[in-house]
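In what follows, a structure is listed as structure tokens, so that the remarks can point back to it.
There are 2 protein chains.
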Amino acid sequence: MAKTGGRAARSTAAPALGPLDFALDRGSPVPLYHQLAQQLEAAIERGVLAPGNLLGNEVDLSVRLGLSRPTVRQAIQSLVDKGLLVRRRGVGTQVVHSQVRRPLELSSLYDDLEAAGQGPATEVVRNELVPASCDVAAALGVPEGGEVTVLDRLRRTHGRPVALLRNYLPASLPAFDTTRLEATGLYRMLRSAGITLHSARQTVGARAATAQEASRLDEQQGAALLTMQRTAYDDTGSPVEYGTHIYRASLYTFDFQLLVRP
Amino acid sequence: MAKTGGRAARSTAAPALGPLDFALDRGSPVPLYHQLAQQLEAAIERGVLAPGNLLGNEVDLSVRLGLSRPTVRQAIQSLVDKGLLVRRRGVGTQVVHSQVRRPLELSSLYDDLEAAGQGPATEVVRNELVPASCDVAAALGVPEGGEVTVLDRLRRTHGRPVALLRNYLPASLPAFDTTRLEATGLYRMLRSAGITLHSARQTVGARAATAQEASRLDEQQGAALLTMQRTAYDDTGSPVEYGTHIYRASLYTFDFQLLVRP
DNA sequence: TAGTGGTCTAGACCACAAT
DNA sequence: TTGTGGTCTAGACCACTAA
Chain H
1 MAKTGGRAAR STAAPALGPL DFALDRGSPV PLYHQLAQQL EAAIERGVLA
51 PGNLLGNEVD LSVRLGLSRP TVRQAIQSLV DKGLLVRRRG VGTQVVHSQV
101 RRPLELSSLY DDLEAAGQGP ATEVVRNELV PASCDVAAAL GVPEGGEVTV
151 LDRLRRTHGR PVALLRNYLP ASLPAFDTTR LEATGLYRML RSAGITLHSA
201 RQTVGARAAT AQEASRLDEQ QGAALLTMQR TAYDDTGSPV EYGTHIYRAS
251 LYTFDFQLLV RP
Chain Y
1001 MAKTGGRAAR STAAPALGPL DFALDRGSPV PLYHQLAQQL EAAIERGVLA
1051 PGNLLGNEVD LSVRLGLSRP TVRQAIQSLV DKGLLVRRRG VGTQVVHSQV
1101 RRPLELSSLY DDLEAAGQGP ATEVVRNELV PASCDVAAAL GVPEGGEVTV
1151 LDRLRRTHGR PVALLRNYLP ASLPAFDTTR LEATGLYRML RSAGITLHSA
1201 RQTVGARAAT AQEASRLDEQ QGAALLTMQR TAYDDTGSPV EYGTHIYRAS
1251 LYTFDFQLLV RP
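Chains H and Y, in that order, are what the protein sequence lines are. Following this note's numbering, the residues of the first sequence are numbered contiguously, the last one being 262. Following this note's numbering, the residues of the second sequence are numbered contiguously, the last one being 1262.
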């Protein structure tokens, strides 16, 4: 097939927006649109692409890169979805004005996913099978009184206790090795167990600390605590985890970025 | 290979997934992929599409609907992004297992956007120009001491105070009419002023109520409060609003769904 | 009017999963 | 081996924005 046949003709001495050099590898298993998106994002991050007009129209770009327009669009769209670019019909595609731009995954789900490995960050204080209470049964979709794994962890940063994490998991999952859990983190273990997270539902609130909670968290009784409940689901919609977390409000906040969908 | 070459042969009395009837209007200004997405979503919502295998392959679907495959894919992809569908290569596209499915916009930004109009939900208690303090100036990107609009509102539900909302806005915006603000809501007024929100950054925390806050919110001093700070940006990345909100933890929680991006 | 993104088409080959 | 989604192409016409 001569598909790529006429491509050699695209010589044209360095068009107006020459400074951008993208190296696309057609042999790579990573999709072209993804390669382009990554390199665009890197260019934006490095400030090579200033927050002004740019990315001269999609058609030119596709010709310059030797890609089809839909492919270029797909790359651009992924960055628009990330909030890095804005498209205006009849105007062009612009880099969004710097400011806060780190994508920032959501709240403590991210913590559980990434804040692992480094030192004795979280200590497992309980890891056993118990009968499911009413609310746990409802959240996990198991019969009330059926066995579930309960996991209590104490999380510290800089040596100070920050959070009490209680998680319930279906007993159908393989048992969790405590030491490995402390080194790896809950979500990474779920992942290596072949469970791919799909979505989660969270509720964030606040209340005063009980005497017991206060002593465990090194706070005064009645101190303000941040509370978070979460149910996480896998691809098929089956619940894989129900958690009730408590954070010291004096040391911890949830912060996240959100995009307004058109 | 004659792949679907025998396409005409695929007459087969009412194929397995016959019950779906989609009415696409090519004359409508609403894009075909969007029409299809809406009708698919409606079918899922109504339970016509059970959480199992379905949506027989994209190629057949496109033929049945008289659309090209990319168009069908675009429709499906939008529902995947919403968390309603899951695609598996070599398997097919499935409806995600019911459970929690309402998309649910994020936290109180949604409140501000939608919880408007109905009754005296929020009362404007302050609406004036003041010099920007350090943190306000930083958040809004204006010089310290420059004029900004400060807006204090008291929000009630069922007659009980729920939140104290303080917002700062650039003085460059047109003045906000207090009565209209109470009837319409802040974000709707911004929108009608031609400002399209793009993204926001939020921090959620907790602390004990001061005596003054307690009296305004009908709480005890020291009661747990939920706090939220937010900076919202428009398309161009310019800050359009900085808010410091306080909620009664006994009456209010943030709850939201989040999708795990692959 | 000219230029931009928005939508749509009709194909193609590939990678992966199930059989 | 078969069927699925994943990627990619090379065009086309339209709607909106700006000059």
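Cβ coordinates follow ideal geometry from the N, Cα and C atoms, glycine included. If you're wondering where the values come from, they're calculated on a predicted model, not measured in any experiment.
In terms of Cα proximity to Arg1166/Y, the closest of His1034/Y, Ala1200/Y and Gln1229/Y is Gln1229/Y. Contact between the segment 179-199 of chain H and the segment 1187-1198 of chain Y is not established, with fewer than three Cβ pairs separated by less than 8 Å. For the segment 1148-1181 of chain Y, no residue has a beta-carbon sitting nearer than 8 Å to a beta-carbon of chain H.
One finds Ala224 and Ala249 in chain H with Cβ atoms closer than 7 Å to the Cβ of Arg1207/Y, taken in chain order. The alpha carbon of Ala214/H has as its nearest neighbour, out of Ala206/H, Arg207/H and Ala223/H, the alpha carbon of Ala223/H.
Counting only residues of its own chain and dropping the five nearest sequence neighbours on each side, Thr1157/Y has a CB closer than 8 Å to the CB of Ala1121 and Leu1251. Counting along the chain, Leu1197/Y sits inside the beta strand (DSSP E) bounded by residues Leu1197 to Ala1208. Pairing Tyr1168/Y with Val1136/Y gives a Cβ-Cβ distance under 7 Å.
At a cut-off of 7 Å between beta-carbon atoms, Ser1062/Y makes no contact with chain H. Ranked by how close their Cα comes to the Cα of Ala1132/Y, the residues Asp1218/Y, Gly1141/Y, Arg1126/Y and Gly1092/Y have Gly1141/Y in first place. When DSSP states are grouped into helix, strand and coil, His97/H belongs to the coil group.
Ranked by how close their Cα comes to the Cα of Thr1203/Y, the residues Ala139/H, Phe254/H, Glu182/H and Leu225/H have Phe254/H in first place. Taking all protein chains in view, the Cβ of Asp25/H is surrounded by fewer than 16 other Cβ atoms within 10 Å, so the residue is classified as exposed. With a threshold of 16 other beta carbon atoms within 10 Å, Thr210/H falls short and is exposed. When Leu1055/Y, Glu1123/Y, Val1096/Y and Val1063/Y are compared, the shortest CA-CA separation from Gly1185/Y is found for Glu1123/Y. Here Ile246/H is bridged, per DSSP, to Leu164/H and Thr227/H. If you check each beta-carbon in the segment 1182-1204 of chain Y against every beta-carbon of chain H, the ones closer than 9 Å belong to Thr1196, Leu1197, His1198, Ser1199, Ala1200, Arg1201, Gln1202, Thr1203 and Val1204. By the Cβ-count criterion, His1097/Y is buried, with 16 or more other Cβ atoms from all chains shown falling within 10 Å of its own Cβ. Residue pairing by DSSP places Arg1156/Y opposite Pro1161/Y in a beta bridge.
Burial state of Glu1144/Y is exposed, judged by a 10 Å Cβ sphere holding fewer than 16 other Cβ atoms. For Thr244/H, not one C-beta of chain Y is nearer than 7 Å to its own C-beta.
Residue environment analysis places His245/H among the buried positions, since at least 16 neighbouring C-beta atoms fall within 10 angstroms of its C-beta. Distance from Thr1149/Y to Leu1181/Y at the Cβ level is roughly 11 Å; contact not present, criterion being Cβ atoms closer than 8 Å. Apart from sequence neighbours up to five positions away, the residues of its chain that approach Thr71/H with a beta-carbon distance below 6 Å are Leu32 and Tyr33, ordered along the chain.
The DSSP-derived three-state label of Gln220/H is coil.
A check of alpha carbon separations from Pro51/H across Glu41/H, Leu226/H and Thr179/H identifies Glu41/H as the nearest.
In its chain, beyond the 5 residues on either side, Arg1155, Arg1156, Tyr1247, Arg1248, Leu1251 and Tyr1252 have a beta carbon closer than 7 Å to the beta carbon of Val1162/Y. With 16 or more other Cβ atoms inside 10 Å of its own Cβ, Thr231/H counts as buried.
Under the Cβ criterion of 7 Å, His97/H is counted among the residues facing chain Y. Flagged as an interface residue toward chain H: Gln1257/Y, by a C-beta distance shorter than 7 Å. With a threshold of 16 other beta carbon atoms within 10 Å, Asp177/H falls short and is exposed. With 16 or more other Cβ atoms from the protein chains shown falling within 10 Å of its own Cβ, Arg1153/Y counts as buried. Proximity of Val260/H to chain Y, defined by a Cβ-Cβ separation below 7 Å, is satisfied. Secondary structure remark: continuous beta strand (DSSP E) runs of at least 3 residues inside the segment 43-81 of chain H: none found. By the 16-neighbour rule on beta-carbons within 10 angstroms, Gly27/H is exposed.
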